[in-house]
Amino acid sequence: MMADPFDHGDLSPDNNNEDDTPENRVVTLDIRRQHDKRLDRFLRDRFPRMSRAMLQKLIKDGGITVNGLPTKASYEPHKGDVVEVILPAPPPTDVVPEDIPLDIVYEDAQMMAVNKQTGIVCHPARYGQTGTLVNGLTFYSNTLSKGGDAFRPGIVHRLDKNTTGVMLIAKCDEAHWRLSLQFERRTIHKTYLAVVEGRVSLDGDVIDKPIAAHPEMGVRQTVADRNLPQKALNFKNAVTYYEVVERFEGYTLVRMHPKTGRTHQLRVHMTSIGHPMVGDTMYSGHLVSEHDIAGTGSTDPLIQFQCLHAMQIEFLHPIKETPMKLEAPVPEQFQRIVDLLRSHRALKKR
Numbered sequence: 527m528m529a530d531p532f533d534h535g536d537l538s539p540d541n542n543n544e545d546d547t548p549e550n551r552v553v554t555l556d557i558r559r560q561h562d563k564r565l566d567r568f569l570r571d572r573f574p575r576m577s578r579a580m581l582q583k584l585i586k587d588g589g590i591t592v593n594g595l596p597t598k599a600s601y602e603p604h605k606g607d608v609v610e611v612i613l614p615a616p617p618p619t620d621v622v623p624e625d626i627p628l629d630i631v632y633e634d635a636q637m638m639a640v641n642k643q644t645g646i647v648c649h650p651a652r653y654g655q656t657g658t659l660v661n662g663l664t665f666y667s668n669t670l671s672k673g674g675d676a677f678r679p680g681i682v683h684r685l686d687k688n689t690t691g692v693m694l695i696a697k698c699d700e701a702h703w704r705l706s707l708q709f710e711r712r713t714i715h716k717t718y719l720a721v722v723e724g725r726v727s728l729d730g731d732v733i734d735k736p737i738a739a740h741p742e743m744g745v746r747q748t749v750a751d752r753n754l755p756q757k758a759l760n761f762k763n764a765v766t767y768y769e770v771v772e773r774f775e776g777y778t779l780v781r782m783h784p785k786t787g788r789t790h791q792l793r794v795h796m797t798s799i800g801h802p803m804v805g806d807t808m809y810s811g812h813l814v815s816e817h818d819i820a821g822t823g824s825t826d827p828l829i830q831f832q833c834l835h836a837m838q839i840e841f842l843h844p845i846k847e848t849p850m851k852l853e854a855p856v857p858e859q860f861q862r863i864v865d866l867l868r869s870h871r872a873l874k875k876r
């Protein structure tokens with residue numbers, strides 16, 4: 527049997543994993559045979575959770591030495607070398623609890639649902655970030671599902687930052703994976719309301735257009751276009767059913783049911799048929815004021831983001847398996863626009 531090429535030196539058998547302790551610590555490797563690998567590649571095999579880029583930075587910063595001296599990533603370890611590695615502490619992953627008001631629609635021991643307000647993202651993207659829904663949830667409850675992501679406790683699905691409406695939250699891991707399975711199987715039925723520009727001619731239709739990230743416009747998404755390289759852009763199937771609720775002069779109130787859950791799907795799909803959402807300047811929508819609708823009044827925008835609301839969600843309770851239908855009331859800004867349209871843009875009856 528080949529001898530172990532490593533002598534772990536001061537490492538005890540109970541402290542032999544670089545992720546076991548949160549603090550910086552030193553690992554000493556006693557090289558017992560010749561290796562035909564660069565030092566960064568050699569160490570990558572020893573510490574699989576560290577990327578070569580991380581190891582190269584450690585070497586450059588002096589956090590990795592050979593025989594007590596600074597070295598280079600290209601150095602090839604020799605028999606008899608002593609490699610000393612100062613392992614950096616892993617970044618903290620705790621979410622900072624924050625007293626953010628929550629509009630709770632439903633709650634029991636296994637799950638809850640909230641009416642997400644506008645202007646708030648669902649979860650932190652890094653340690654220390656505050657002002658997200660998850661910051662508020664961790665302040666409110668100490669029983670949230672882990673979900674496999676330390677920055678997303680309880681989060682089963684998401685809404686855009688400025689999209690309001692009902693969101694499901696898992697309070698235990700079993701509820702999380704059972705709800706996730708319903709989303710994966712597309713057995714959860716979601717209903718959205720939106721005010722879009724223009725008079726939608728059809729009473730209802732299906733928009734079946736694949737969606738991908740736009741190649742030149744950052745966070746924007748785009749529908750499939752024969753002038754764009756579809757394979758390179760990784761287009762994904764996207765299907766939305768919509769129906770007209772009420773028509774006005776120059777605007778339409780629509781109800782939408784997404785069959786898939788792509789990023790910005792409803793906003794992109796409605797724009798693709800020539801009816802962007804009011805306030806959705808990212809996707810060709812316009813800011814609208816009371817003066818724009820009524821001909822008088824304030825010229826300040828009534829809403830400065832997409833006029834889109836997740837009104838209703840239907841699913842099976844993840845533990846009890848009973849049918850659930852939860853609703854979130856329309857926000858005041860949204861309702862104000864609809865009221866103005868009804869008062870000043872109602873269509874004349876023939």
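So the mapping is simple: our numbering equals the position in the sequence shown, first residue as 1, plus 526.
A virtual CB, placed ideally from N, CA and C, is assigned to each residue, including glycine.
Note that this is a predicted model, so its numbers are computed, not measured.
The three-state secondary structure of residue 610, taken from DSSP, is strand.
Beta bridge pairing from DSSP links residue 737 with 749, 762. Between residue 855 and residue 637, the CB-CB gap reaches or exceeds 8 Å. In the DSSP assignment, residue 847 falls outside any alpha helix (DSSP H), carrying neither H nor E. Comparing C-alpha distances from residue 829 to each of 734, 851, 866, 684 shows the shortest one belongs to 866.
By the C-beta density criterion, residue 716 is buried, having at least 16 other C-beta atoms within 10 angstroms. Boundaries of the alpha helix (DSSP H) harbouring residue 863: 858 to 870, taken from the DSSP string. Using a Cβ distance threshold of 8 Å, residue 837 and residue 691 count as a contacting pair.
For residue 794, no beta strand (DSSP E) run applies; the uninterrupted alpha helix (DSSP H) run containing it begins and ends at 791 to 798, by DSSP.
Look at residue 814 here: in three-state DSSP terms it is coil, with no helix or strand label. By the Cβ rule, the segment 661 to 676 does not count as touching the segment 597 to 608, because fewer than three pairs are nearer than 8 Å. Considering only 745, 707, 769, 626, the residue with the shortest C-alpha distance to residue 727 is 769.
Less than 8 Å divides the Cβ of residue 749 from the Cβ of residue 736. Apart from sequence neighbours up to five positions away, the residues of its chain that approach residue 584 with a beta-carbon distance below 6 Å are 590, ordered along the chain. For residue 718, DSSP records a beta bridge to 782, 836.
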